[in-house]
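Asks: Just so we're aligned: the sequence shown equals residues 454 to 718 in this note's numbering.
Sharing a structure, written as structure tokens. Questions coming.
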Amino acid sequence: MPDTPDALTPAQIDTFVTDGFVKIENAFSADLAAQGRAILWRDTGCDPDDPSSWTKPVVRLGGYYDPPFREAANTPRLHAAYDQLVGQGRWIAPQGLGTFPVRFPSSEAPGDDGWHVDVSFGLPEDDPNDFLSWRANVKSSGRALLMLFLFSDVGPQDAPTHIRKGSHAAIARQLLPFGEAGLTLRQLSADGYASTAECDEVSATGPAGTVYLCHPFMVHAAQSHRGTQPRFMAQPPLMPRGEFDPALPPSPVQIAIRNACNLNF
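In structure tokens:
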């Protein structure tokens, strides 16, 4: 484990394995968050001081690789946490934070608030233009973590992402019989994630600078915005350097899958 006071505690790592996520406040600075928001506000085409210009429930922006976003994704505290959850040398340092779905206060439904798992790869026979044909497999090929970066303060009414606590275990068991090919997003979503319907739900709230590090199989959903100020959040993957290596000690990401499926990889 990294020798740093900012690294995750053993209890936090155990919680990640069991619940599928860990919340880290002050993962990056409020100043970086403010710098990032200024860039994002510019690109929304909206006036931060004129709510009448906030005419859509969500504006999608991306991808973002400016210095504030690269720095936010690569703080020493986050690097330590990546090491602890994924394994030293087993992840690729983010070069940015990709797309931002900026959510505005609105009575209009956002249209993208269904439960889902983030998928990571396609097969040669899959249609690359059909996002529902993208896949996840039990080894989580192509994704080491799902991450939620809060660039604004997010309260319960501010369209926080909802997380189904422990749902990663159910998804691991669902993927197990399908091996390397895994399942497409269309297949995973066919029953509305019924196997996770009884999971407790947690809202990804917190002050700007908070990061949620989630297991790649976490079932989550966007929400309508019922607050007063727009929500700025990125939801990038942490990319792995390769597949799970049985010669190395299993990471907490692997242990969570092994515990769910009684596997030995």
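Heads up, the beta-carbon is just placed ideally off N, CA and C, and yes, glycines get one too.
Throw me the rounded Cβ distance for the T637 and W587 pair, which I believe falls under 8 Å.
Replies: Right, the Cβ-Cβ distance comes to about 7 Å (below 8 Å), so this counts as a contact.
Asks: Which one of A709, W494, M600 has the shortest CA to CA distance from G551?
Replies: Of the candidates A709, W494, M600, the one whose C-alpha sits nearest the C-alpha of G551 is M600.
Asks: Just the C-alpha distance for A647 and V672, rounded to the nearest angstrom, thanks.
Replies: Their backbone Cα atoms lie some 11 Å apart in a straight line.
Asks: Once you ignore the five residues that flank P558 on each side, which residues in its own chain have a CB closer than 8 Å to its CB?
Replies: Around P558: P504, W507, H678, R679, G680, T681, Q682, P683.
Asks: Among P581, K476, V570, G595, which one has its Cα closest to the Cα of Y665?
Replies: Closest option to Y665, Cα to Cα, is K476.
Asks: Contact between the region 616–636 and the region 702–713: three or more CB pairs below 8 Å?
Replies: Yes, the region 616–636 is in contact with the region 702–713.
Asks: Would DSSP call T497 helix, strand or coil?
Replies: Note: T497 maps to helix in three-state DSSP.
Asks: Below 8 Å CB to CB, which residues in the same chain sit around P510 once its five sequence neighbours on both sides are set aside?
Replies: R556, F557, S559, E561, A562, P563, G564, S677, H678.
Asks: So the candidates are V539, G489, A460, A483; which of them puts its Cα closest to the Cα of L701?
Replies: The shortest C-alpha separation from L701 is found at V539.
Asks: Using the Cα positions of L531 and A491, report the straight-line distance between them to the nearest angstrom.
Replies: If I take the Cα positions, the gap works out to 23 Å.
Asks: For L493, collect the residues of the same chain with a Cβ closer than 8 Å to its Cβ; drop the 5 residues on either side in sequence, then sort them by chain order.
Replies: Hits under 8 Å: L514, Y517, F553, V555, F604, F685.
Asks: For R596, which residues of its own chain have a beta-carbon under 6 Å away from its beta-carbon, when the five flanking residues on both sides are left out?
Replies: Answer for R596: S573, P669, P690, listed in chain order.
Asks: In the structure shown, what three-state DSSP assignment does H668 receive?
Replies: Reduced to three states, the DSSP call for H668 is coil.
Asks: Identify the continuous beta strand (DSSP E) that holds E654 and give its terminal residues.
Replies: From DSSP, the beta strand (DSSP E) with E654 extends over 654–656.
Asks: Kindly indicate which residue of N582, L628, D653 has the alpha-carbon position closest to the one of R617.
Replies: Answer by Cα proximity: D653.
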